[in-house]
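Peer 1: So the protein lines, in turn, are chains A and B. 240 is the number of the first residue of the first sequence in our numbering; add one for each residue after it. 170 is the number of the first residue of the second sequence in our numbering; add one for each residue after it. All C-beta atoms, glycine included, are put in the ideal place defined by N, C-alpha and C.
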Amino acid sequence: MFQMTNDEDKKSTRNRYIPEIIEGDMDSIRPEVKLFYSSQGSKISDKSHNQETTDLHKCISRLHRYTPDHEKPNLCVLVTGALGGRFDHEAANINVLYLFSEMRIILLSDDCLIRLLPKTHRHELYIESSVEGPHCGLFPVGAPSTSTTTTGLKWNLSESKMRFGSMISTSNIVQSEKVTVQSDADLLWTISLRNLA
Amino acid sequence: MPLPTMTHSSAFLLPAAAPPSNDAAATTYALIVLNQRLPRFAPLVWARARLRVCADGGANRVFDGMPELLPGEDPAEVRTRYKPDVIKGDMDSIRPEVKEYYSSLGTNIVDESHDQDTTDLHKCVSFITSNLFVPDKSNLCIIVLGALGGRFDHEMGNINVLYRFSNTKIILLSDDCSIFLLPKTHSHEIHIEKSVEGPHCGLIPIGGPSTSTTTTGLRWNLDNTSMSYGGLISTSNIVDGDKVTVTSDSDLIWTISLRH
Numbered sequence: 240m241f242q243m244t245n246d247e248d249k250k251s252t253r254n255r256y257i258p259e260i261i262e263g264d265m266d267s268i269r270p271e272v273k274l275f276y277s278s279q280g281s282k283i284s285d286k287s288h289n290q291e292t293t294d295l296h297k298c299i300s301r302l303h304r305y306t307p308d309h310e311k312p313n314l315c316v317l318v319t320g321a322l323g324g325r326f327d328h329e330a331a332n333i334n335v336l337y338l339f340s341e342m343r344i345i346l347l348s349d350d351c352l353i354r355l356l357p358k359t360h361r362h363e364l365y366i367e368s369s370v371e372g373p374h375c376g377l378f379p380v381g382a383p384s385t386s387t388t389t390t391g392l393k394w395n396l397s398e399s400k401m402r403f404g405s406m407i408s409t410s411n412i413v414q415s416e417k418v419t420v421q422s423d424a425d426l427l428w429t430i431s432l433r434n435l436a
Numbered sequence: 170m171p172l173p174t175m176t177h178s179s180a181f182l183l184p185a186a187a188p189p190s191n192d193a194a195a196t197t198y199a200l201i202v203l204n205q206r207l208p209r210f211a212p213l214v215w216a217r218a219r220l221r222v223c224a225d226g227g228a229n230r231v232f233d234g235m236p237e238l239l240p241g242e243d244p245a246e247v248r249t250r251y252k253p254d255v256i257k258g259d260m261d262s263i264r265p266e267v268k269e270y271y272s273s274l275g276t277n278i279v280d281e282s283h284d285q286d287t288t289d290l291h292k293c294v295s296f297i298t299s300n301l302f303v304p305d306k307s308n309l310c311i312i313v314l315g316a317l318g319g320r321f322d323h324e325m326g327n328i329n330v331l332y333r334f335s336n337t338k339i340i341l342l343s344d345d346c347s348i349f350l351l352p353k354t355h356s357h358e359i360h361i362e363k364s365v366e367g368p369h370c371g372l373i374p375i376g377g378p379s380t381s382t383t384t385t386g387l388r389w390n391l392d393n394t395s396m397s398y399g400g401l402i403s404t405s406n407i408v409d410g411d412k413v414t415v416t417s418d419s420d421l422i423w424t425i426s427l428r429h
């Protein structure tokens, strides 16, 4: 965080960005970092005994457990660091979206965001064109779609089939403030993020 | 009836001094460079390839990146040495001076701006399979740099190229890992070069679920196991030996980490 802000004082920047919880198997966190945040009041949740699930899975699980059902639709989980790097990690992080499909989870990188559009719903995506777009895409990760229909894109789908090995929607363009998607398969939506420098 | 076997080797990642295995001697490599920062081993794989193709802005990355990766050498000399054979794509990313430079050195510039239906990687793979003569197609291996990371729709489009050209060996490489397709039509033997790759690996059913996958050589082997998004996928697995075998009723993406 110090590297990203213009603050002269390293300490004051760090103090402004204290995580409430640090969760995981603790094999990467540096000892002095753990000590610092612990002394600032962060709860350290050591899950090193649980090797079955990824760190992201553990964090989402916790949020899932502690959010009352009626509040879940209003909760949106933003995730940084889930994309890029080791491909198996990225694949597992994307699987977390499918495993917790009733939650709103957005994976963010410098270049784009991705979210799951579950087949159980018709989706309306409101586009903030000052910060995102125009490049977008829809991917039938996990299973093919025999029918997907969209509005608001330059190349809309109309009861179209999508499948890895055949057609998937990449390098599409948002052309409206609102994009709608309806599909018989769970789809990953992605949109590029504008350079906010 | 048993499936035919497909073997996979990453011997091309071994340093030049290492003696080539039988597989490496027989395989013809082609290289495609897409528009992302070059991984640190780019000069190594460049040397292995018989044909080097840059997709549009990939030419910028070679022009800027090769001298950076070889800081002890004269940049101008590096640039002439690492000259792509072909630059292909819609030419909307390549810098004019880069295009001019390589063109003057004899690089074949193929403008595909009229074709908006296929991705740059698709065009390059098509070009290689049509133009590079290899006596036995199963001995052609296309190495791709810059296909992973960056914009997610580009990454997905690049992975889709693996599915669309499932009869061609195509390996996507980044600084952190390597990925390729294991088509369901074959039983697979993956030879592991421990000095350069592993131990982390995974098997990912991106296109659709697998009702039955069986492996050997992994810490957590699959045994007629089902895999799917929304269920189990094999990630953070570990290669235990120097050979992994995989048989599945579904196309799978294999991934293995690269050592630093």
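Would the region 193-208 of chain B count as touching the region 307-327 of chain B if we require 3 or more Cβ pairs under 8 Å?
Peer 2: With a cut-off of 8 Å, the region 307-327 of chain B and the region 193-208 of chain B count as touching, because enough Cβ pairs lie within range.
Peer 1: Can you give me the start and stop residues for the beta strand (DSSP E) that F302/B sits inside?
Peer 2: Neither: F302/B is in no beta strand (DSSP E) and is coded neither H nor E.
Peer 1: Starting from the Cα of M396/B, find the closest Cα among P173/B, A211/B, T416/B, I361/B and give me that residue.
Peer 2: Measuring from the Cα of M396/B, the nearest candidate turns out to be T416/B.
Peer 1: Should the region 383-395 of chain A be called in touch with the region 417-428 of chain A, which here means at least 3 C-beta pairs below 8 Å?
Peer 2: As far as the Cβ criterion goes, the region 383-395 of chain A touches the region 417-428 of chain A, which means the pair count is three or higher.
Peer 1: Going along chain A in order, which residues have a C-beta closer than 7 Å to the C-beta of H369/B?
Peer 2: Here the neighbours are R325, D327.
Peer 1: Along the chain, where does the beta strand (DSSP E) containing G319/B start, and where does it finish?
Peer 2: Per DSSP, G319/B belongs to no beta strand (DSSP E) and is neither H nor E.
Peer 1: So for N277/B, helix, strand or coil by DSSP?
Peer 2: N277/B: strand per DSSP, three-state reduction.
Peer 1: What residues from chain C crowd round S426/B, counting only those whose CB sits closer than 7 Å?
Peer 2: This model lacks chain C altogether, as its protein chains are A and B.
Peer 1: List the residues of chain B that D350/A touches, going by C-beta distances under 7 Å, in chain order.
Peer 2: Within 7 Å Cβ-Cβ: G319, R320.
Peer 1: Do R217/B and F181/B have their C-beta atoms within less than 8 Å of each other?
Peer 2: Yes, these two residues count as a Cβ contact at 8 Å.
Peer 1: Mind checking E329/A: buried by the 16 CB within 10 Å criterion, or exposed?
Peer 2: It is buried - the Cβ of E329/A has at least 16 other Cβ atoms within 10 Å.
Peer 1: If I measure Cβ to Cβ from T174/B and keep anything under 8 Å in the same chain, skipping five residues before and after, which residues do I get?
Peer 2: H355, S356, H357, E358, listed in sequence order.
Peer 1: If we ignore side chains and look at the alpha-carbon of each, how far apart do G323/A and L317/B end up?
Peer 2: Going by the C-alpha atoms only, they are around 7 Å apart.
Peer 1: What in chain A is Cβ-close to M325/B, meaning under 7 Å?
Peer 2: Those within 7 Å of M325/B in chain A are G376, F378, I407, T409.
Peer 1: Look up E362/B in the DSSP assignment and say whether it is helix, strand or coil.
Peer 2: Three-state DSSP puts E362/B in coil, outside helix and strand.
Peer 1: Compute the Euclidean distance between the alpha carbons of A193/B and E398/A, then round it to the nearest angstrom.
Peer 2: In this prediction, A193/B scores a pLDDT of 48, lower than 50, which makes its location untrustworthy; the coordinate-derived value is nonetheless stated afterwards. Each residue's Cα considered, the two are about 46 Å apart.
Peer 1: Could you have a look at W394/A and say whether DSSP puts it in helix, strand or coil?
Peer 2: Coil, per DSSP.
Peer 1: Could one say the Cβ of A321/A lies closer than 8 Å to chain B's Cβ atoms, at least one of them?
Peer 2: Taking Cβ atoms only, chain B never reaches closer than 8 Å to A321/A, which makes this a no.
Peer 1: For S417/B, go through chain A and note every residue whose CB falls closer than 9 Å to its CB, in chain order.
Peer 2: Within 9 Å Cβ-Cβ: nothing; S417/B doesn't reach chain A, min ~15 Å.
Peer 1: DSSP on E259/A, reduced to helix/strand/coil?
Peer 2: Three-state result, E259/A: coil.
Peer 1: Rounded to whole angstroms, what is the Cα-Cα separation between F339/A and R354/A?
Peer 2: Rounded to the nearest angstrom, the two C-alpha atoms are 12 Å apart.
Peer 1: To the nearest whole angstrom, what separates the beta carbons of S287/A and I261/A, a pair I think is in contact under 8 Å?
Peer 2: At roughly 12 Å, the Cβ-Cβ gap does not stay under 8 Å, so S287/A and I261/A are not in contact.
Peer 1: Is P312/A close to chain B, meaning its C-beta is less than 8 Å from at least one C-beta of that chain?
Peer 2: With 8 Å as the cut-off, P312/A does not count as an interface residue toward chain B.
Peer 1: Identify which residue in C223/B, L213/B, I312/B, V313/B has its Cα closest to the Cα of N277/B.
Peer 2: Checked all of C223/B, L213/B, I312/B, V313/B; the closest Cα to N277/B is C223/B.
Peer 1: Is the shortest distance between the beta-carbon of D225/B and the beta-carbons of chain A less than 8 Å?
Peer 2: Output row for D225/B: interface = no.
Peer 1: Which runs of the alpha helix (DSSP H) at least 4 residues long sit entirely within the region 205-277 of chain B? Give them in chain order.
Peer 2: List check, alpha helix (DSSP H) in window: 211-217, 227-238, 244-250, 265-273.
Peer 1: Taking just the CA atoms, how far does S262/B sit from L301/B?
Peer 2: Taking the straight line joining both Cα atoms gives about 25 Å.
Peer 1: Compute the distance between the beta-carbons of S277/A and I257/A, then report whether it is under 8 Å.
Peer 2: No, Cβ-Cβ distance for S277/A and I257/A is not below 8 Å.
Peer 1: Would you tell me roughly how many angstroms separate the C-alpha atoms of R333/B and N406/B, rounded to the nearest one?
Peer 2: Rounded to the nearest angstrom, the two C-alpha atoms are 27 Å apart.
Peer 1: Answer with yes or no whether the minimum CB distance from Y337/A to chain B is below 8 Å.
Peer 2: Yes, Y337/A lies at the interface with chain B (some Cβ there is under 8 Å from its Cβ).
Peer 1: Taking E371/A as part of the beta strand (DSSP E), name the residues at either end of that continuous run.
Peer 2: 371-378 is the span of the beta strand (DSSP E), which, as asked, contains E371/A.
Peer 1: Unbroken alpha helix (DSSP H) runs of length 4 or more, entirely within the region 292-322 of chain A: which are they?
Peer 2: Complete alpha helix (DSSP H) runs here, min 4: 294-305.
Peer 1: What do you reckon, are the CB atoms on R345/A and L356/A nearer than 8 Å?
Peer 2: For the record, residue 345/A in the displayed sequence is Ile; it is not Arg. No. Outside cutoff.
Peer 1: Select from the region 265-280 of chain A all residues with a C-beta closer than 9 Å to any C-beta belonging to chain B, and list them in chain order.
Peer 2: Listed by position, the residues of the region 265-280 of chain A near chain B (Cβ gap below 9 Å) amount to none.
Peer 1: With DSSP collapsed to three states, give me the class of H177/B.
Peer 2: H177/B falls in the strand class under three-state DSSP.
Peer 1: Would you list, in chain order, the members of the region 417-436 of chain A that have their beta-carbon closer than 9 Å to a beta-carbon of chain B?
Peer 2: Hits within the stretch, in order: D425, L427, T429, I430, S431.
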